[in-house]
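Numbering (our numbering), first residue to last: 3 to 353.
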């Protein structure tokens with residue numbers, strides 16, 4: 003539940019991205035820096051987008067190490083100091099004497115912890131020791147399913163999400179006089195672009211319609227609402243049932259997306275297609291935490307998320323390769339990933 007609640011930040015970040023883009027990309031100024039770089043509003047926007055990550059990285063420097071890590075290293079005094087700091091920050095009116103824990107039993111002997119080999123080879127050996135149990139029963143099946151689910155969900159949500167502003171920009175700029183499916187709009191715009199390029203060298207146009215920013219903000223709002231709803235529903239409905247519903251709904255919306263011709267329904271299906279898949283990532287992370295033993299849990303989550311990131315790269319590049327020539331096939335492939343993921347959730351325990 004807490005993972006889903008914390009994931010609300012994903013929706014809020016999407017809202018802030020759309021809002022900042024709406025503000026700064028509405029400007030049309032140019033600034034030549036040393037006659038080398040032409041500084042445009044979009045460059046300033048990229049700097050602003052990178053600031054939260056930079057601030058977060060700087061903030062991490064001042065945060066203490068995990069007490070669990072110190073215990074694994076046989077440094078129980080450091081672990082106790084971190085716990086005392088956490089207690090004092092959460093109870094401002096208390097003192098160290100009010101902290102009832104006075105001593106922590108170390109997980110390993112101090113001499114044993116110091117005797118452990120260090121260096122690159124030792125790190126690689128530790129990673130291998132944590133990975134091997136995931137490739138054996140009874141962890142193997144759940145590990146493969148979690149990796150496949152993460153790959154598919156990132157494939158759909160991040161792969162399609164990167165192209166979302168561009169696709170929405172084309173739809174809202176098309177000015178169709180008759181209803182048309184998303185593929186008819188995209189292929190129509192593509193054809194007209196090719197005809198135009200055949201006669202005139204086209205100047206780079208980095209402008210976007212204001213509707214794009216509105217729909218990005220709408221997408222972020224839907225993400226925020228769905229994460230809040232899931233954090234509440236998880237108290238009453240099994241996680242597996244919510245996961246199946248999300249991925250099945252995403253797949254159905256993806257199939258409909260290639261065939262509906264009402265522009266508002268197209269954009270609604272487009273948002274639902276990505277949001278229901280993307281919001282399920284936190285559910286699979288929660289499942290991974292509960293399914294695997296403590297000593298391999300972190301590795302299971304890391305490897306499954308690594309597969310997810312590979313899925314986002316694969317999805318993004320696949321759209322760039324085949325969307326223009328095989329639009330309907332593209333949406334059907336992505337929808338099929340969501341539907342296949344819905345079937346795979348039946349393998350996982352519902353709680």
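Glycine included, each C-beta is placed from N, C-alpha and C at the ideal position.
Quantities reported herein were computed from a predicted structural model and do not represent experimental measurements.
Alpha carbon of residue i to alpha carbon of residue j, nearest angstrom
i           : j           : result
residue 201 : residue 133 : Since pLDDT at residue 201 reaches only 42, below the 50 mark, its modelled position is unreliable, and the value read off the structure follows with that caveat. Roughly 58 angstroms between the two C-alpha positions.
residue 198 : residue 325 : Reliability fails at residue 198, whose pLDDT of 39 lies under 50, so the model's placement of it is uncertain and the value that follows must be treated cautiously. Their backbone Cα atoms lie some 20 angstroms apart in a straight line.
residue 163 : residue 43  : 22 angstroms
residue 369 : residue 230 : Because the chain here runs from 3 to 353, residue 369 falls outside it and cannot be looked at.
residue 286 : residue 307 : 10 angstroms
residue 297 : residue 126 : 16 angstroms
residue 136 : residue 145 : 6 angstroms
residue 338 : residue 253 : 6 angstroms
residue 62  : residue 187 : 46 angstroms
residue 195 : residue 283 : Residue placement at residue 195 is poorly supported in this model, since its pLDDT is 47, which falls under 50; the coordinates still yield a value, given next. If I take the Cα positions, the gap works out to 37 angstroms.
residue 20  : residue 52  : 14 angstroms
residue 2   : residue 105 : Nothing in the structure corresponds to residue 2, since the chain is present only between 3 and 353.
residue 154 : residue 57  : 31 angstroms
residue 334 : residue 227 : 27 angstroms
residue 247 : residue 122 : 44 angstroms
residue 94  : residue 102 : 16 angstroms
residue 220 : residue 280 : 15 angstroms
residue 323 : residue 165 : 12 angstroms
residue 84  : residue 336 : 46 angstroms
residue 330 : residue 184 : 9 angstroms
Start-to-end residues for the alpha helix (DSSP H) that takes in residue i
i           : result
residue 41  : Where residue 41 is concerned, there is no enclosing alpha helix (DSSP H), although the beta strand (DSSP E) it sits in stretches over 39 to 41.
residue 290 : 283 to 293
residue 168 : 141 to 175
residue 243 : 241 to 259
residue 67  : Looking at the DSSP string, residue 67 is not in any alpha helix (DSSP H), and its letter there is neither H nor E.
residue 1   : Nothing in the structure corresponds to residue 1, since the chain is present only between 3 and 353.
residue 212 : 212 to 235
residue 335 : 329 to 346
From the options, residue whose alpha carbon lies closest to that of residue i
i           : options            : result
residue 45  : 37, 33, 55, 56     : 33
residue 348 : 260, 249, 317      : 249
residue 47  : 61, 60, 24         : 24
residue 147 : 290, 295, 331, 316 : 290
residue 317 : 29, 11, 160        : 160
residue 29  : 343, 344, 212      : 212
residue 73  : 55, 150, 107, 99   : 107
residue 256 : 68, 272, 39, 310   : 272
residue 174 : 81, 84, 268, 328   : 268
residue 275 : 341, 328, 78, 124  : 341
residue 218 : 266, 335, 17, 8    : 17
residue 264 : 323, 319, 182      : 182
residue 261 : 281, 332, 215      : 332
residue 312 : 251, 92, 37, 150   : 150
residue 344 : 64, 251, 277       : 251
residue 130 : 86, 302, 78, 234   : 302
residue 315 : 152, 190, 295, 99  : 152
Residue(s) in a DSSP beta bridge with residue i
i          : result
residue 35 : 39
Cβ distance (whole Å) where residue i is taken to contact residue j below 8 angstroms
i           : j           : result
residue 140 : residue 242 : Incorrect: roughly 18 angstroms between the Cβ atoms, too far for contact.
residue 41  : residue 35  : 5 angstroms
residue 310 : residue 156 : 4 angstroms
residue 236 : residue 224 : The pair is not a contact, with the Cβ atoms about 18 angstroms apart (cut-off 8 angstroms).
residue 222 : residue 14  : 7 angstroms
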